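>
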Amino acid sequence: MVPWGEVDTVLLDMDGTLIDLHFDNHLWNVVVPARFGEREGMDSAQAAQGLYREMLASKASLDFYDLDYWARQTRLDIDAIHEEFKGLIRYRPGAKAFAAEVRRTGRAVFLATNAHPRSIAVKHRAIGLLAAVDASFSAHELGAPKEDDGYWRGLARRLGSGYDPARTLLVDDNDVVLAAAERAGVAHLLCIAQPDSTGSPRRDLPFRAIGDFAEIMP
Ligand SMILES: [Mg+2]
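If you're matching positions, the sequence shown starts at 746 in our numbering and goes up one per residue.
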């Protein structure tokens, strides 16, 4: 599925790709609306609608992934909630072994994520995530979400002459992000069929999708 002879850089998304999206889905779709709703006197579904509807209807922005933005919007201690539920943070099937094997073959593995640096940090504390990659590039450091061309320009600048998008594989559970990477010349693109282990596998995705990373070991 991956022509490894044509790949020397691998970019891996974090939530829903390397890490089971169950943690984020539980935190943002269950815990945050329940606690916000409880304080504001509305049920969880109303709270989620009020908090997220506008954001989900608009183009992806950095705010959507910004822990400080959500702490202001909800007046909840979002960092403390991350800590409270960090036992749910785990790798997706085969993800840790895949990153290790790709690096063992001499290729570079980078984390390419929209996640806020403190969200990356809590995942690192839970499962040692940053030890699995050579470096991490958060959209918050590059100034644009991965859905925007600006992220890919920033990433190319940061990686310098060693980075050739034509010899790069991106694995990401977000097809809007995969399309943006494709516009930026990233040649090898794979999606994730089931980002949340408690959800159902998705069909009819616009990009080829994998289940377990064992399917694409170099
Ligand atoms: Mg993702």
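Backbone N, C-alpha and C fix where the C-beta goes; we use that ideal spot for every residue, glycine too. Note that the structure is a prediction, hence the values are computed from the model and not measured.
For my contact list, L964 and D941 are in at a C-beta cut-off of 8 Å; report their separation, rounded to the angstrom.
It is not possible to answer for residue 964, since the shown part of the chain is limited to 746 through 963.
> Buried or exposed, going by whether 16 or more other CB atoms sit within 10 Å of the CB of R799?
For the purposes of this step, residue 799 is taken as residue 54 along the sequence shown, with counting starting at 1. First, the amino acid is wrong: residue 799 is Glu here, not Arg. When all chains shown are included, E799 counts as exposed.
> Quick one: Cα of V775 to Cα of G782, how far?
Walking along the sequence shown from the start, residue 775 turns up at place 30. Walking along the sequence shown from the start, residue 782 turns up at place 37. In a straight line, the C-alpha of V775 is about 11 Å away from that of G782.
> Note down, in chain order, each residue of its chain lying with its Cβ closer than 7 Å to the Cβ of G930, except the 5 sequence neighbours on either side.
Numbered from 1 along the sequence shown, position 185 holds the residue referred to as residue 930. Same-chain partners within the cutoff: P910 and A911.
> Does DSSP put T819 in a helix, in a strand, or in coil?
One-based indexing of the sequence shown puts residue 819 at position 74. DSSP places T819 in helix when its eight states are reduced to three.
> Please classify K804 as buried or exposed, where buried requires at least 16 other C-beta atoms within 10 Å of its C-beta.
Indexing the sequence shown from 1 puts residue 804 at position 59. Label assigned to K804: exposed.
> Alpha carbon to alpha carbon, what distance is there between P862 and A845?
Numbered from its first residue, the sequence shown carries residue 845 at position 100. Numbered from its first residue, the sequence shown carries residue 862 at position 117. Taking the straight line from one Cα to the other gives about 22 Å.
> Tell me whether the beta-carbon of A859 lies closer than 9 Å to the beta-carbon of E829.
For the purposes of this step, residue 859 is identified with residue 114 of the sequence shown, where counting begins at 1. For the purposes of this step, residue 829 is identified with residue 84 of the sequence shown, where counting begins at 1. For clarity, residue 859 is Asn in the given sequence; the question names Ala instead. Contact: no.
> Determine the extent of the alpha helix (DSSP H) in which V921 is found, giving its start and end residues.
Along the sequence shown, one-based indexing puts residue 921 at 176. Taken as a continuous stretch (DSSP letters only), the alpha helix (DSSP H) holding V921 covers D920 to R928.
> Just how far apart, CA to CA, sit R988 and M787?
As displayed, the chain neither begins before 746 nor continues past 963, which places residue 988 out of reach and without an answer.
> Tell me which residue opens and which closes the beta strand (DSSP E) that H933 is part of.
Within the sequence shown, numbered from 1, the residue matching residue 933 stands at position 188. Residues H933 to I937.
> Could you check which residue in D758, G750 and E785 has the C-alpha nearest to that of L923?
On the sequence shown, position 178 is the one that residue 923 refers to. When only C-alpha atoms are compared, the closest one is D758.
> Got a sec: does ligand 1 put a non-hydrogen atom nearer than 8 Å to the Cβ of D917?
Counted from its first residue, the sequence shown places residue 917 at position 172. Yes, ligand 1 has a heavy atom inside 8 Å of this Cβ.
> Note down the Cα distance separating R848 from V854, rounded to an integer number of angstroms.
Taking the sequence shown and counting its residues from 1, the one referred to as residue 848 is at position 103. Taking the sequence shown and counting its residues from 1, the one referred to as residue 854 is at position 109. The alpha-carbon separation between R848 and V854 amounts to approximately 6 Å.
> Assuming contact is defined by CB atoms lying nearer than 9 Å, are T762 and R837 in contact in what I supplied?
As a first step, residue 762 is located in the sequence shown; it is residue number 17 there, counting from the start. As a first step, residue 837 is located in the sequence shown; it is residue number 92 there, counting from the start. Yes; because the gap between Cβ atoms is below 9 Å, this pair is in contact.
> I want to check one thing, is the minimum distance from the CB of G888 to the heavy atoms of ligand 1 below 8 Å?
Numbered from its first residue, the sequence shown carries residue 888 at position 143. Because no heavy atom of ligand 1 lies under 8 Å away, the Cβ of G888 does not count as near it: no.
> Can you give me the Cβ contacts of A792 inside the same chain, cut-off strictly under 7 Å, excluding the 5 residues immediately before and after it?
In the sequence shown, counting from the first residue as 1, residue 792 sits at position 47. Within the same chain, Cβ atoms closer than 7 Å to the Cβ of A792 are found at P778, F781, G782 and E785, the five residues on either side in sequence being excluded.
> Where does Y908 sit, in a helix, a strand or coil, going by DSSP?
As a first step, residue 908 must be located in the sequence shown, where it is residue number 163. Three-state result, Y908: coil.
> Thinking just about the alpha-carbon of each residue, which of L772, A959, W749 and S789 is nearest to the one in L812?
Locating residue 812 in the sequence shown gives position 67, where the first residue counts as 1. Nearest C-alpha to L812: L772.
> Shorter than 8 Å, the distance from the beta carbon of L766 to the closest heavy atom of ligand 1, or not?
Locating residue 766 in the sequence shown gives position 21, counting from the first residue. Yes; taking the cut-off as 8 Å, the Cβ of L766 has a heavy atom of ligand 1 nearer than that.
> Identify every run of the beta strand (DSSP E) within the region 818–863, keeping only runs that are complete inside it and at least 3 residues long; order them along the chain.
853–858
> Let me make sure I understand the geometry here. Which of A932, R947 and A925 has the alpha-carbon closest to that of G750?
Position 5 of the sequence shown, counted from the first residue, corresponds to residue 750. Among A932, R947 and A925, the Cα nearest to that of G750 belongs to A932.
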